[in-house]
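Asks:
Residue numbers (my numbering): 236 to 1291.
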């Protein structure tokens, strides 16, 4: 949704947490504006002016002036302390030898300290000082222990004497004087360097370079004038000791002190210059100074700046900490070096300069972090990107001729229409998401350095030049290989076993050696083919580590081979027993994962990947396609949302309050007379949405995935379709309107996050399925209906918290027994961009997922499988909870009427507890809303229930939740009985007959010793398998029967 703020004065405005996707701030004055946590994807800030407002500039100048003064005063202290021992002290005279010694030591200490600061930098200087203090303190303590009347000199190291020396400015015993003098000089020197550097940097950032000279001049004036005055006041005592030479002595001492003070300021100015030049030795000073300068400035902290355009924008005093700057365009931006860019790729000055100038010709970026960098049209000819990270970077139209891309990470990078003649691609890492469309390349090299004794860098093609399109085709063919670099001699047995072990660890990922290249000098490159959806860097790391461990270790290899052979014998034994016979083999639910990660409705989707698990192979088939931009779908849904919200407000005035807490700012501008028209408009928008979604998904660009889905999937099978998309508009649209779901009645859709991981679980023993139900703020809604639906689950233990406090909720989630299901009923909502949501637990408290993050992690580790938010607008809740890797969630995508929420929960729980899978239960419960009066009053209410799936977890059925509770044998019998009762392809007579055999098995037990009971078991199994064979379509029964057979066979019985 485009928002125009072009050429406006927006000083001090707050856009915090706002969705400003595509907003135009070009030419605007955004000084002091707050964009913290805002979504600024595709926003334009061309020529905008960021920074601090004028009153903050004045404040920074005052701070700089004060710091300059502090540095001058510190210089006075250091210079005076260096010379004061050679000035006569009438009250406590110091021997001339001691005085000269102290002066000499002061000069040496200053010289050493400044040498370290200028050579090593401030960070190392502080480290050296800390180490010196750490060593000196125990030494002083030891020396003090030797102090006696016989050894009075050591008494000076005691703490009391050092304290007296400090209090009297070093006029006590000699050891104490030396210690105090050294501490004063070190403290003053650090104060001079730090304060003047901060003052100079703040002055330059706040105003301009010329102001630094005034700051330094202020410090120099204070240092020299004040030093002269202070030294003159003390040097008057020369007239008492050497009257004739008093004037000359005074002049000499004053001159030395003033010169020292001026030198200290001069040297500090050098440090400030090097700090401004971004010398890494003084990096900590620059970071702190910039952090101070950005206080009150324009803030983009933690905002999403994906694809934002900052070209020609002024960005000094700007806070960009931890912002998402993926593909942000910084060309010709002004004073970006004076912005706080902590936590972004802009921290490295070399990277920042490249993004600003677009000129990296003949420069080195070896090992640089350029992840997500926008280098479109950049001049990168002859640049060195060896080992650099260009993951998800965009280099469209860039000139990369003769560039070095060896060992570069370029997964997800976009090289469309780039020029890449003569480029070196040795061991670079790309995959199917790397875009190489229309790349111009006449030839490239596979080696960075020639083979020994030759000039051969393995040119491709060997002779001539690539025809248009040949480079792209060749690179796409080899994008799914990992290059394993090995040194002769190669242990082929260890390599083979490493591949086998990696396949087992990664769930049978298909890996095989595609080819071996001899690079000379005993170096071989083994090319290992990997599936396109596998992360190649992880495969490379794991394979290299396994090979290193196994190389030359024959005993370990033999042991692994024996274990593999033993595992294969067990599987063959089970197969030969008939447990997994071809006729009765039942696979898990068919699974489809469609990845829409890179794109949106405005830009389209250039690389969509569909993974289909539909046959007996553990690995999916994969197909790719793309979709053209279609803003009409997003706009239609936006209109639908607004109409739906208006209808909600109409019904709210009648008492049909949905499960969302109305904010004070919400004002209804609709009346009851609008209801019929609104319902009609909603229905019309729903029809248009359905048409547009199907036109889009049936387009020729998406046809390959569409065709493969229909050819590989059986409409009688249960199918889980998971949509992987982070774009909130893609998550909001009603995917079940896709005509694929009409043709496949047992399929249901779910949403998933980009990252899916399994939490290591430790499920405590418990006697029943445990459900934690929170009945939150119930103003205007009937949560007691939800309570009754949960109470009707006879085989579950449900604990209810009614309008609990935050502490009560925390304590409940930490219950040591753990929970299987969590259900919230009450009011909730999410922000429009779906980044966060909250639940109203009582009249006064609302919680976010972040508030409960730690206790939810504990609950998930203890077996929490499913979270149900039977409340409004839950996509924000789902997104945050998905980060905790919960297996499944059910949320409502919009505000839900109270009666619809009640009916859905009641129907879903009944269907789920009766043996339906989670997906089938949600689909049936959703469709049951269409047959109720509710959908007549609230059109499209059946759209609302939505599954959010952790793609690394397999959904559990109600019976499988029991499997963690009941003994395995009893659980398998219960599953088989439930499957037979729910099986629609069995006759009533066969159902009765089969259940009778189950009762026989329950009575005999799993391992009977008597021969008579063993015969009963064998007879029961034969009858059950005969019934299953007579009805091939009865897949639920066959699946449960095969599971039951396994424990019998493993126990040694020959019952089949």
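All C-beta atoms in this analysis are idealised placements derived from N, C-alpha and C, irrespective of residue type, glycine included. On a predicted model such as this, the values are computed, not experimentally measured, just so you know.
1. Thinking C-beta only, is residue 279 closer than 7 Å to residue 261?
2. Which one of 265, 466, 629 has the shortest CA to CA distance from residue 242?
3. So, for residue 519: in the same chain, excluding its five sequence neighbours on each side, which residues have a beta-carbon less than 7 Å away from its beta-carbon?
4. Counting only runs of 4+ residues fully inside the stretch 506 to 549, write out the alpha helix (DSSP H) ranges in chain order.
5. Could you tell me which whole beta strand (DSSP E) segments of length 3 or greater appear in the stretch 1012 to 1066?
6. Going by the CB atoms, is the gap between residue 843 and residue 544 shorter than 7 Å?
7. Give a yes or no on contact between the stretch 1050 to 1065 and the stretch 1015 to 1032, applying the rule of three or more CB pairs nearer than 8 Å.
8. Quick one: is residue 1046 buried, meaning 16 or more other Cβ sit within 10 Å of its Cβ, or exposed?
9. Taking 7 Å as the threshold (C-beta atoms), are residue 1194 and residue 1299 in contact?
10. Between the C-alpha atoms of residue 1009 and residue 1109, what's the straight-line distance to the nearest angstrom?
11. Rounded C-beta distance between residue 533 and residue 704? I'm assuming under 8 Å.
12. What runs of the alpha helix (DSSP H), each 4 residues or longer, lie entirely inside the stretch 902 to 959?
13. Can you give me the start and stop residues for the alpha helix (DSSP H) that residue 833 sits inside?
14. Tell me the DSSP secondary structure of residue 1217 in three-state form.
15. Out of 882, 875, 845, which has the shortest C-alpha to C-alpha gap to residue 945?
16. Using the Cα positions of residue 674 and residue 616, report the straight-line distance between them to the nearest angstrom.
17. Which same chain residues, not among the five before or five after residue 875, have their C-beta less than 6 Å away from its C-beta?
18. Select from 853, 657, 763, 591 the residue whose C-alpha is nearest the C-alpha of residue 664.
19. Between residue 1003 and residue 1100, which are expected to be in contact by the criterion C-beta below 8 Å, what is the C-beta distance as a whole number of angstroms?
20. Tell me which residue opens and which closes the beta strand (DSSP E) that residue 846 is part of.
21. With distances taken from CA atoms, which of 1212, 835, 1160 is nearest residue 276?
22. Taking the C-alpha atoms as reference points, what is the distance between residue 489 and residue 317?
23. Residue ranges of each alpha helix (DSSP H) run of no fewer than 4 residues wholly in the stretch 680 to 704, ordered along the chain?
24. Looking at residue 571: is its Cβ nearer than 7 Å to the Cβ of residue 540?
25. For residue 710, which residues from the same chain have a beta carbon less than 6 Å from its beta carbon, with the 5 sequence-adjacent residues on both sides left out?
26. Can you say whether residue 1144 is buried or exposed, counting buried as having 16 or more other CB atoms within 10 angstroms of its CB?
27. Do residue 630 and residue 643 have their C-beta atoms within less than 7 Å of each other?
28. Taking residue 699 as the reference, which of 1165, 601, 676, 682 has the closest Cα?
29. For the stretch 1211 to 1219 against the stretch 1262 to 1274, are there 3 or more C-beta pairs whose distance is under 8 Å?
30. Which of the three DSSP states, helix, strand or coil, is assigned to residue 295?
31. Under 7 Å Cβ to Cβ from residue 1067, same chain only, skipping five residues before and after it: list those, please.
32. Kindly indicate the opening and closing residues of the alpha helix (DSSP H) around residue 1075.
33. Taking 7 Å as the cut-off, decide whether the C-beta atoms of residue 737 and residue 778 are in contact.
34. Could you give the residue range of the alpha helix (DSSP H) that holds residue 1239?
35. Whose C-alpha, out of 304, 622, 879, is nearest the C-alpha of residue 1307?
36. Taking only the alpha-carbon atoms, compute the straight-line gap between residue 251 and residue 645 and give it to the nearest angstrom.
Replies: Checking against the coordinates, here is how it stands:
1. Cβ atoms of residue 261 and residue 279: closer than 7 Å.
2. For residue 242, the nearest C-alpha among the options comes from 265.
3. For residue 519, where only same-chain residues beyond five positions count, the Cβ hits under 7 Å are 357, 358.
4. List check, alpha helix (DSSP H) in window: 518 to 528.
5. The qualifying runs are 1031 to 1037, 1056 to 1060, 1062 to 1065.
6. No, Cβ-Cβ distance for residue 544 and residue 843 is not below 7 Å.
7. The stretch 1050 to 1065 vs the stretch 1015 to 1032: in contact.
8. Around the C-beta of residue 1046, fewer than 16 other C-beta atoms lie within 10 Å, and the residue is accordingly described as exposed.
9. Nothing can be reported for residue 1299, as the shown portion of the chain is limited to 236 through 1291.
10. When rounded, the distance between both Cα atoms is 15 Å.
11. Contact doesn't hold; Cβ gap of about 45 Å is too wide.
12. Look at the stretch 902 to 959 and you find these whole runs of alpha helix (DSSP H), each 4 residues long or longer: 910 to 932, 938 to 947.
13. First-last for residue 833: undefined, no H or E at that position.
14. In the three-state DSSP reduction, residue 1217 falls in the helix class (H, G or I).
15. If we check each option's Cα against that of residue 945, 845 comes out closest.
16. The alpha-carbon atoms of residue 674 and residue 616 are separated by roughly 15 Å.
17. Closer than 6 Å at Cβ, skipping near neighbours: 920.
18. The residue with the shortest Cα to Cα distance from residue 664 is 763.
19. At roughly 14 Å, the Cβ-Cβ gap does not stay under 8 Å, so residue 1003 and residue 1100 are not in contact.
20. Looking at the DSSP string, the run of the beta strand (DSSP E) that includes residue 846 is 839 to 848.
21. The candidate whose alpha carbon is nearest that of residue 276 is 835.
22. About 12 Å.
23. Complete alpha helix (DSSP H) runs here, min 4: none at all.
24. Residue 571 is not a Cβ neighbour of residue 540, given a cutoff of 7 Å.
25. If we look at residue 710 and ignore the five residues flanking it on each side, its Cβ neighbours are 671.
26. With 16 or more other Cβ atoms within 10 Å, it is buried.
27. Not a contact, by the Cβ cut-off of 7 Å.
28. Selected option, being the one with the closest Cα: 676.
29. With a cut-off of 8 Å, the stretch 1262 to 1274 and the stretch 1211 to 1219 count as touching, because enough Cβ pairs lie within range.
30. In the structure shown, residue 295 adopts helical secondary structure according to DSSP, grouped into three states.
31. If we look at residue 1067 and ignore the five residues flanking it on each side, its Cβ neighbours are 254.
32. For residue 1075, there is no enclosing alpha helix (DSSP H); the enclosing beta strand (DSSP E) has its first and last residue at 1072 to 1075.
33. Contact flag set, yes.
34. DSSP places residue 1239 in the uninterrupted alpha helix (DSSP H) bounded by 1223 to 1239.
35. Look at the range of the chain in this structure, 236 to 1291, and you will see that residue 1307 is not part of it.
36. Residue 251 and residue 645: Cα-Cα distance of roughly 34 Å.
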